């Protein structure tokens, strides 16, 4: 946050409130901070309050908090019980007289900026900051000499995106180390026996090299040792095409790893391998959920699209169905193909399962919004395109995980489709960074650099 010798005013817009957990409380926890909520923002929150999406829930939470803590005295900072900072609700009033502005004061965003600029004039010794996840609004505020910030970026700005922490390293070892290892494989290789630069992260891959031969291991944090893994194993007739894919499959198949996070370029196989691993282990779970957030063209609501609910969303889910078809086609046995086809879920299957008539696992491929409220007990849950989720949405998914549930997030932070997120503020980057600073022995992060779709696709990823 910006610092000053006087008071700090933080004017929050709707995009920040809907995407930052406990934003109000975070701002006013510090003495000298004044949280300013304007009347245009209250109107916008009202427009978001109906519905079951995360944004709707955030709007209702914000409205409830304001209703509880605002004491009906507008335009005056008020104390809030339990906090050192103050709260101000401020009305937007159209300017009178001959005051000139290039703002379009029919727009809510410009009204928020106008209120901020008026506060700056009234309190020139204070720092006035507009808090928004809307980049254009922040730029517009800066044009008027105001401070502007993204709170999500603020919470991540100290770290950036720490994908390099999870790169696979190669470490040379002596013949004695490997000989002792193979005399008692179950014990692994103790961390102190190898010259590993830095501290390995849980389940991080490493090659131990001896006389030009590289042997794959992963780090077991709980036992503080390295364990040998097989990175060439074929899963659901899908064979890893490179070392990165091999380490990923090892984590996907490890029952002790409950959270897998995959950052990979387009065509790197992250979604295909995740689905193949889920199918291979289908007998271990009640259901397989494969989902992704829907980001329509130009960020319009999908309601404008023709057709019923399924027809509206099917085009967005098609890449997932394509991966399933590829897995089916990789099997030579028609029996195996039919077994995998039988995993496909439909409404009739849901009703049968609810009545206890069907206990076979199903693969449910649906938009993320349609899976809210589902039980996440004994589920293999794959969330594709996770770079389009907010940190709060990622947290919400993980906190709903029940017993015997495995969650896999896949995505590419360089292909963000939502206007209020960027390379550092998106949920996938946030999760990767948190797994560096707050290690979890049951989590694994994998970075896939190499595309395997085709040479043409690889060329495009690198040069275009």
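Residue numbers (this note's numbering): 1239 to 1702.
Ideal Cβ positions, reconstructed from N, Cα and C, are used throughout, including at glycine.
The structure displayed is predicted, hence computed values, not measured ones.
From this set, the options, which residue's C-alpha is nearest residue i's C-alpha?
i, options, result
"residue 1266", "1292, 1319, 1277", "1319"
"residue 1619", "1556, 1264, 1515", "1515"
"residue 1507", "1488, 1483, 1412", "1483"
"residue 1471", "1564, 1308, 1489", "1489"
"residue 1299", "1317, 1375, 1309, 1280", "1280"
"residue 1485", "1612, 1629, 1687, 1423", "1687"
"residue 1566", "1553, 1603, 1517, 1528", "1517"
"residue 1561", "1505, 1611, 1577, 1303", "1505"
"residue 1648", "1632, 1622, 1436, 1610", "1622"
"residue 1559", "1574, 1529, 1571", "1529"
"residue 1257", "1644, 1629, 1695", "1629"
"residue 1342", "1322, 1313, 1261, 1375", "1375"
"residue 1450", "1570, 1441, 1457, 1412", "1412"
"residue 1563", "1632, 1639, 1654, 1476", "1476"
"residue 1667", "1391, 1460, 1379", "1391"
"residue 1302", "1416, 1361, 1270, 1260", "1260"
"residue 1264", "1660, 1393, 1607", "1393"
"residue 1555", "1572, 1676, 1607", "1607"
"residue 1438", "1695, 1384, 1459, 1421", "1459"
Can you tell me where the alpha helix (DSSP H) with residue i in it begins and where it stops?
i, result
"residue 1696", "1693-1701"
"residue 1262", "1261-1266"
"residue 1286", "1277-1286"
"residue 1308", "Neither: residue 1308 is in no alpha helix (DSSP H) and is coded neither H nor E."
"residue 1420", "1413-1421"
"residue 1404", "No alpha helix (DSSP H) contains residue 1404, which DSSP labels as neither H nor E."
"residue 1509", "1508-1518"
"residue 1484", "1481-1491"
"residue 1346", "1346-1360"
By the 10 Å Cβ neighbour count, where 16 or more other Cβ atoms means buried, how is residue i classified, buried or exposed?
i, result
"residue 1405", "exposed"
"residue 1289", "exposed"
"residue 1637", "exposed"
"residue 1349", "buried"
"residue 1697", "exposed"
"residue 1664", "buried"
"residue 1371", "buried"
"residue 1351", "buried"
"residue 1537", "Residue placement at residue 1537 is flagged as unreliable, the pLDDT there being 45, under the threshold of 50; a coordinate-derived value is accordingly withheld."
"residue 1250", "buried"
"residue 1347", "buried"
"residue 1285", "exposed"
"residue 1658", "buried"
"residue 1603", "buried"
"residue 1501", "buried"
"residue 1625", "buried"
"residue 1464", "buried"
"residue 1701", "exposed"
"residue 1430", "exposed"
"residue 1247", "buried"
"residue 1653", "exposed"
"residue 1426", "buried"
Per DSSP, which one or two residues make a beta bridge with residue i?
i, result
"residue 1428", "1463"
"residue 1496", "Residue 1496 is not bridged to any residue."
"residue 1605", "1530"
"residue 1502", "1686"
"residue 1458", "1463"
"residue 1247", "1272, 1366"
"residue 1654", "Residue 1654 pairs with nothing; no bridge assigned."
"residue 1326", "1274"
"residue 1645", "1497, 1619"
Check for me: the beta strand (DSSP E) holding residue i runs from which residue to which?
i, result
"residue 1674", "No beta strand (DSSP E) holds residue 1674; the alpha helix (DSSP H) holding it covers 1665-1675."
"residue 1313", "Premise fails: residue 1313 is in no beta strand (DSSP E) and is neither H nor E."
"residue 1365", "1365-1369"
"residue 1706", "Nothing about residue 1706 can be read from this structure; the chain reaches only from 1239 to 1702."
"residue 1385", "1385-1387"
Given a cut-off of 7 Å, decide if residue j and residue i are closer than it, judged by their beta-carbon atoms.
i, j, result
"residue 1496", "residue 1599", "no"
"residue 1669", "residue 1444", "no"
"residue 1650", "residue 1503", "yes"
"residue 1359", "residue 1366", "no"
"residue 1656", "residue 1533", "yes"
"residue 1245", "residue 1364", "yes"
"residue 1646", "residue 1605", "no"
"residue 1479", "residue 1693", "no"
"residue 1328", "residue 1274", "yes"
"residue 1254", "residue 1369", "yes"
"residue 1703", "residue 1389", "Past the edges of the chain, shown from 1239 to 1702, lies residue 1703, and the structure says nothing about it."
"residue 1615", "residue 1641", "yes"
"residue 1454", "residue 1469", "yes"
"residue 1324", "residue 1272", "yes"
"residue 1632", "residue 1403", "no"
"residue 1511", "residue 1487", "yes"
Report yes or no: is there a C-beta of chain D within less than 7 Å of the C-beta of residue i?
i, result
"residue 1515", "No chain D is part of this structure, which consists of one protein chain only."
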